[in-house]
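Asker:
Protein chains: 2
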Amino acid sequence: MSLLQQIQQIAKISKEALDFIETHIENVEVKKGTLLLRNGKVCSNFYFVTKGMLRSYYFSDSKEVTNWFALENDFATSIFSFLSGKAGYENIEALEDTTIEMLSSNTLQELYLKFPETERAGRLIMENYYIQLEERLINIQFKSAKDRYELLMKKYPEIILRAPLGAIASYLGITQETLSRIRGSK
Amino acid sequence: MSLLQQIQQIAKISKEALDFIETHIENVEVKKGTLLLRNGKVCSNFYFVTKGMLRSYYFSDSKEVTNWFALENDFATSIFSFLSGKAGYENIEALEDTTIEMLSSNTLQELYLKFPETERAGRLIMENYYIQLEERLINIQFKSAKDRYELLMKKYPEIILRAPLGAIASYLGITQETLSRIRGSK
DNA sequence: TTATAATTTTGACATAAATCAAAAAGTAAC
DNA sequence: GTTACTTTTTGATTTATGTCAAAATTATAA
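Chains as they are written, first to last, in my numbering: chain A, 1 to 186; chain B, 1001 to 1186.
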């Protein structure tokens, strides 16, 4: 699926707006290990993954903490930085060779102004993100490490299969030793 | 401040849309202890607190867990249920005698359709909510109980002063015994 | 293929926070 | 003001998960 198709599934958008988006999409291919964003920088791009996998992480006491994974057909950006225009704390790296479609924040602002009907898609995407995040917060707050791992496995098995253990562990809020033991014990 | 004023601070909205909102606002006063929403029900209202304090909580193994507090000038709703139209897991109660302005989800849907420029305010509100929630997730995942308490005290001292200990503790993801000890030790 | 580096697993031990229980303090009702 | 109820504090003990360290496995590159 392409970014354009994905957006059309979310909200009805005029032909003109779609054309505008299409002419502004930038296609990028990056090798595994590439850093698309470094902490301390402003994230001025909104990504859509067509192939491969990204992850965002930040440092907490010099330890890497995974903030999210983005697989095929997922949107991805450093939301705080992208929305506020301020320097962020996130790093975005490619966990595999990855192909992305990219929109700049300028393009998006222009899109919202020129085609106000696209605000709806923006709102719906944010609402969806919020609900996901809320669920994650609840899990982290009140499920055991093992429960959280099993929930992730059920909901996003692809992440478990494709991401390195350390990245998964810090996403779940546990150490990799603990995750390794959880995996071992069953 | 009123709901109308708050919305106008977020995005520019036409006179007509404002009128539409105004005629649909419902003013409600509730006594301390009132349950505005019970889990298992669909939350079909969007609240704005003009006086007093609400909190949302859900049950995890028959224990109450606070999901959020809403003080004066805060919006409040059971976001998942309100957005999805499905039965939710949250309860919303008044922690004090509280005055609220209320919009139904039907009104809001109508508003978005009739006045598409209001989508922008909706999007911006959601973006802001998301950023707040992300920050909270990061804190819960990687700060100690004490650090989390101190962060809350710095950011929302009103909550610490006005909410009962048990509600604050479960909001922070700790037991009330632990919170009591944190308070005691300094 | 072998050498080197990165990732994952295993082990021993430490610790923050939970649990269970009861006392103390605060609030509301009669 | 006394009684009953709720909330908060204090104490003793347990437990899930973290930390530190090293071994085993797997991936990468020369």
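Beta carbons are placed, not taken as given, at the ideal position from N, Cα and C, and that holds for glycine. All of these numbers come straight from a predicted model, not from anything done at the bench.
Decide if the region 91–104 of chain A is in contact with the region 20–34 of chain A; the criterion is three or more beta carbon pairs, one per stretch, under 8 Å apart.
Answerer: yes
Asker: Hey, F1046 (chain B) and F1115 (chain B): beta-carbon distance below 8 Å or not?
Answerer: Not in contact: F1046 (chain B) and F1115 (chain B) (Cβ atoms no closer than 8 Å).
Asker: From A:V65, A:T107, A:K86 and A:L54, pick the residue whose C-alpha is nearest to that of G40 (chain A); which is it?
Answerer: A:K86
Asker: At a Cβ cut of 7 Å, what residues of the region 120–145 of chain A count as close to chain B, listed as they run along the chain?
Answerer: R120, G122, R123, M126, E127, Y129, Y130, I131, L133, E134, R136, L137, I140, Q141 and F142
Asker: Determine the closest residue to T23 (chain A) out of A:I79, A:S170, A:E134 and A:T107, with distance taken between C-alpha atoms.
Answerer: A:T107
Asker: Quick one: give me the first and last residue of the beta strand (DSSP E) that I92 (chain A) is part of.
Answerer: In the DSSP assignment, I92 (chain A) falls within the beta strand (DSSP E) that extends over N91 to A94.
Asker: Based on the DSSP output, what are the partners of L1037 (chain B) in its beta bridges?
Answerer: Partner(s): B:I1092.
Asker: Let's see if you can read the secondary structure: which residues bound the beta strand (DSSP E) around Y1130 (chain B)?
Answerer: Run containing Y1130 (chain B): none in the beta strand (DSSP E); it sits in the alpha helix (DSSP H), T1118 to F1142.
Asker: Should the region 57–71 of chain A be regarded as contacting the region 164–176 of chain A, the criterion being three or more beta carbon pairs within less than 8 Å?
Answerer: yes
Asker: Tell me where the beta strand (DSSP E) around K51 (chain A) begins and ends.
Answerer: N45 to K51
Asker: Starting from T66 (chain A), follow the beta strand (DSSP E) in both directions and report where the run begins and ends.
Answerer: K63 to A70
Asker: Taking Cβ to Cβ, would you say S1078 (chain B) is nearer than 8 Å to L1137 (chain B)?
Answerer: For S1078 (chain B) and L1137 (chain B), no; Cβs fall outside 8 Å.
Asker: Can you tell me which of the three DSSP states N1106 (chain B) falls into?
Answerer: Helix, per DSSP.
Asker: Under three-state DSSP, which class holds A1087 (chain B)?
Answerer: strand
Asker: Shorter than 8 Å from the beta carbon of I13 (chain A) to some beta carbon of chain B?
Answerer: no
Asker: So with CB distances below 9 Å, who are the chain B contacts of F80 (chain A)?
Answerer: Under the 9 Å cutoff, chain B gives Y1130, I1131, E1134 and E1135.
Asker: Report the option in A:Y112, A:E119, A:S56 and A:E110 whose CA atom is closest to the CA atom of Y89 (chain A).
Answerer: A:S56
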